[in-house]
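What follows is a single structure, written as structure tokens, with notes after it.
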Amino acid sequence: MHEVLKSHGCGELRAEHAGEQVTLAGWVHRRRDHGGLIFLDLRDSTGLVQVVFHPEQEPAASAVAAEVRNEYVLGIHGEVTARRAGTENPELSTGAIEVLAASAEILNAAETPPFPVNQETNVDEVTRLRYRYLDLRRERMAGNLRLRHRVVKLMRDFMDERGFIEVETPVLNLATPEGARDYLVPSRVHPGSFYALPQSPQQWKQLLMVGGVDKYFQIARCYRDEDLRADRQPEFTQLDVEMAFVEEEDILDLTEDLYHRLAEEVRPEWTIPARFPRFTFAEVMERYGSDKPDLRYGLELHDLTGLVRTAEFRVFTQAIEAGGRVRGFAVPSGADVGRRGLDEYVELARAAGASGIVWFQFAGEGPLDGLTADEVKSPAARFFTPEQAAALGQACGARRGDLLLIAAGPDALSSKVLDLLRRTVAEQRGLADPAALSFLFVTQFPAFEWDADEEKWSAVHHLFTSPFTDDIPLLERDPGSVRSHAYDIVCNGQEIGSGSIRIHSREVQLAVLRTLGLTLDEAKLKFGHMLEAFSYGAPPHGGIAPGIDRTVALFAGERDIREVIAFPKTKSAGDPMTGAPAPVSERQLRDVHIRLAPDAEEALAEQRAGAASTE
RNA sequence: GGCCCCGUGGUGUAGAGGCCUAACACGCCACCCUGUCACGGUGGAGACCGUCGGUUCGAAUCCGAUCGGGGUCGCCA
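Just so we're aligned, residue 0 is where the first sequence starts under numbering that gives the first Met the number 0, counting upward by one.
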């Protein structure tokens with residue numbers, strides 16, 4: 000015999016339901032016992048509703064309510080009534096009504112939860128992860144999961160409307176030599192051989208293009224065995240997109256349309272650029288020192304090399320003689336930063352590898368004209384006349400009352416340092432509007448970068464990325480200056496996704512592989528299937544892969560993608576709830592032809608000893 | 001892998017060598033309270049301060065190691 004457990008969602012009830020008999024079920028959010036009269040807030044996925052128990056009218060139900068504790072699972076039956084005048088709760092969507100309980104049944108008792116489920120207090124993240132199922136009941140996570148669902152649904156709908164079809168690709172793959180470290184899966188059937196989990200479905204989607212699926216997408220799980228960050232998990236999800244017969248602009252336009260749609264539907268009250276600005280890699284590096292600049296604030300970088308070339312200041316002149324430049328930016332109203340704050344900036348720069356930074360503070364207010372010596376504060380003040388100092392400030396757009404931060408050295412270093420300072424200053428001063436989505440595209444990434452450790456060229460994006468046609472002759476002579484049709488979508492200082500136009504010619508692909516130091520034989524061994532596929536009529540194609548975790552975090556206003564993932568892992572890639580990863584039995588190892596190395600055995604022995612001593 | 005930060009009752013914090021046989025709030029337990037909605041009142045239980053070792057007459061407080069967590073750089077085609 001099956002009774003109906005629910006006729007409505009708790010959060011769905013409104014004044015119009017008054018008079019209806021309803022059956023509700025959910026968790027006890029909070030209980031208020033007035034010594035007879037009991038109020039319960041009952042919670043399910045739809046929200047909260049207040050249930051009232053009158054001991055005189057329904058003694059049996061009231062007895063159940065008296066017994067109940069927070070997080071008990073409770074079913075009730077009763078009548079929806081308008082609240083008596085003056086007791087409505089405008090804070091609650093169901094606050095105009097309440098349910099008079101006629102009967103109640105404890106569907107399941109619950110232990111006192113290890114942290115409050117009914118309030119948004121800060122709880123240690125490990126504890127939250129250990130009891131993630133409880134954390135998911137809380138407002139923040141419940142809301143984030145729903146938002147994530149909406150975003151993913153909108154993505155699917157959007158792609159479908161544009162004629163894309165979703166195709167699944169294998170999770171067990173051939174390991175690839177380039178790129179991130181693979182997660183490996185040993186083969187039982189093929190002793191000594193391994194599958195690799197996909198870092199992305201890159202090769203599959205290109206093969207789909209050759210296969211005539213000219214508009215493909217997939218909500219794809221990707222795996223990379225690298226160190227984690229707030230915006231990096233060992234497994235993450237991408238909206239993987241690829242299309243044939245397109246050029247770079249087509250992909251960028253599509254991506255821009257998608258994000259406009261998402262923002263419109265999910266965060267209509269936030270600001271988003273009507274057109275996403277497009278910068279070349281060289282341009283953003285020059286203006287922001289970063290390939291993923293946060294455009295919600297200014298603090299743009301300026302080249303001061305010409306102004307300081309003749310100064311007596313060795314720190315600058317030596318850097319210039321060594322082929323470097325002097326660059327800096329102005330912090331509006333930064334003259335208020337005290338000695339400690341300035342020292343902190345210098346420390347940051349040192350930690351980033353620079354020998355330091357030079358700062359100038361300008362006293363007063365208004366333009367810098369007629370600056371006097373005692374209005375300039377700087378450790379390098381004696382090397383510059385007030386006029387020279389003012390010129391530096393003006394070059395950065397500074398006024399009196401501002402601070403100037405200047406770094407000297409090779410571009411790579413000064414970019415890194417100034418980017419770090421720019422982000423730090425913006426963070427400290429709250430310059431970024433939390434209700435703004437400052438999207439932009441970065442294009443024309445270099446195709447290759449020199450890997451000093453391996454002493455070889457490596458692909459900046461990946462080795463299927465199409466070089467600029469004009470730059471193909473440079474593949475042999477000067478790989479470092481080859482531009483590629485690779486692009487990123489960036490928002491609020493984060494790389495949201497990247498993509499490229501791919502190589503569809505076997506010859507160009509072979510040339511790129513050569514640049515990367517792969518012989519024809521090696522290339523055939525590792526990418527033979529790709530080269531072969533390209534020889535059967537590969538269409539011109541390209542794609543992009545926006546990160547879904549980062550996208551949802553952005554729309555959720557979360558800075559950590561763990562907050563938008565139901566069951567994320569810790570920084571050490573572990574799961575505090577299940578205990579994964581964990582040792583497996585000898586038998587399981589034997590099945591897959593694996594024997595542990597001495598250091599692994601040692602680590603396990605120590606782990607066991609540690610576990611024993613704490614018991 | 002480098003550097004930095006954190007680790008005190010169930011939760012969040014206070015405590016910065018003896019005043020701590022550890023304090024506060026929430027939670028929990030009991031009793032009281034019939035219109036609350038972070039209900040209210042009274043009383044109570046609950047941590048030896050992540051772990052190990054050291055300094056000291058004396059350590060939650062200092063030092064070292066270790067474990068766990070986080071941030072950041074490297075790394076992340």
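Note that the Cβ used here is the ideal one computed from N, Cα and C, for glycine as well.
{"Asked": "With 16 other CB atoms within 10 Å as the buried threshold, where does I250 fall?", "Found": "buried"}
{"Asked": "G546 by DSSP, collapsed to three states: which one?", "Found": "strand"}
{"Asked": "How is the beta strand (DSSP E) around V3 delimited, first residue to last?", "Found": "Segment: none, V3 is in no beta strand (DSSP E) and carries neither H nor E."}
{"Asked": "With a 10 Å radius around its C-beta and 16 neighbouring C-beta atoms as the bar for buried, classify S497 as buried or exposed.", "Found": "buried"}
{"Asked": "Tell me the DSSP secondary structure of F359 in three-state form.", "Found": "strand"}
{"Asked": "Output needed for V424: all residues of its chain with C-beta closer than 6 Å, excluding positions within five of it in sequence on either side, in chain order.", "Found": "V330"}
{"Asked": "Given a threshold of 16 other Cβ atoms within 10 Å of its Cβ, counted over all protein chains shown, does G327 qualify as buried or as exposed?", "Found": "buried"}
{"Asked": "Can you give me the start and stop residues for the beta strand (DSSP E) that K214 sits inside?", "Found": "214 to 222"}
{"Asked": "Buried or exposed for P445, please, with buried defined as at least 16 other CB atoms from any protein chain shown within 10 angstroms of its CB.", "Found": "buried"}
{"Asked": "Report, in whole angstroms, the separation of the C-beta atoms of G25 and L73, which I expect to be a contact under 8 Å.", "Found": "7 Å"}
{"Asked": "Write down the C-beta distance between R381 and Y287 rounded to the nearest angstrom, noting that I regard them as a contact closer than 8 Å.", "Found": "Their Cβ separation, rounded to whole angstroms, is 31 Å, which puts R381 and Y287 out of contact at 8 Å."}
{"Asked": "With distance defined between alpha-carbon atoms, name the residue in A179, L509, L403, P385 nearest to A310.", "Found": "P385"}
{"Asked": "Is the Cβ-Cβ distance between F440 and R501 less than 7 Å?", "Found": "no"}
{"Asked": "Looking at Y272: is its Cβ nearer than 7 Å to the Cβ of F526?", "Found": "The sequence given here places Pro at residue 272; Tyr does not occur at that position. No; because the gap between Cβ atoms is not below 7 Å, this pair is not in contact."}
{"Asked": "Rounded to a whole number of angstroms, what is the C-alpha to C-alpha distance between L391 and P366?", "Found": "13 Å"}
{"Asked": "Taking T279 as part of the beta strand (DSSP E), name the residues at either end of that continuous run.", "Found": "277 to 279"}
{"Asked": "Any idea what DSSP makes of L39, helix, strand or coil?", "Found": "strand"}
{"Asked": "Of the choices G536, R561, G541, whose alpha-carbon is the least far from that of I547?", "Found": "R561"}
{"Asked": "Relative to the alpha-carbon of Q20, which residue among I96, G536, L257, D123 has its alpha-carbon at the smallest distance?", "Found": "I96"}
{"Asked": "Spell out the partners DSSP gives P185 in its beta bridges.", "Found": "F193"}
{"Asked": "Can you list, in chain order, the stretches of the alpha helix (DSSP H) that have 4 or more residues and sit fully within the region 7 to 95?", "Found": "58 to 66"}
{"Asked": "What is the DSSP secondary structure of E614, counted as helix, strand or coil?", "Found": "In this prediction, E614 scores a pLDDT of 39, lower than 50, which makes its location untrustworthy; the coordinate-derived value is nonetheless stated afterwards. Of the three classes helix, strand and coil, the one that applies to E614 here is coil, per DSSP."}
{"Asked": "With the cut-off set at 7 Å, would you say I37 and Y71 are in Cβ contact?", "Found": "no"}
{"Asked": "Residues in its own chain within less than 6 Å of M158 by CB, not counting five upstream and five downstream?", "Found": "F216"}
{"Asked": "Count the other C-beta atoms from every protein chain shown that fall within 10 angstroms of the C-beta of F566, then say buried if there are 16 or more, exposed otherwise.", "Found": "exposed"}
{"Asked": "Give every residue of the same chain whose Cβ lies closer than 7 Å to the Cβ of G355, excluding the five residues on either side of it in the sequence, and list them in chain order.", "Found": "V345, A348, R349"}
{"Asked": "So L341 is in the alpha helix (DSSP H); what residue range does that whole segment cover?", "Found": "338 to 350"}
{"Asked": "To the nearest angstrom, how far is the alpha carbon of L128 from that of P292?", "Found": "32 Å"}
{"Asked": "By DSSP, does T514 sit in helix, in strand, or in coil?", "Found": "helix"}
{"Asked": "Exposed or buried, what is P200 when buried is set at 16 or more other beta-carbons lying within 10 Å of its beta-carbon?", "Found": "buried"}
{"Asked": "Helix, strand or coil: how does DSSP classify T464 here?", "Found": "strand"}
{"Asked": "May I ask you to verify whether the region 99 to 113 touches the region 50 to 57, counting CB pairs closer than 8 Å and requiring at least 3?", "Found": "yes"}
{"Asked": "Using a threshold of 6 Å, is the CB atom of G85 nearer than that to any non-hydrogen atom of the ligand ATP?", "Found": "No copy of the ligand ATP occurs in the structure displayed, which carries no ligand at all."}
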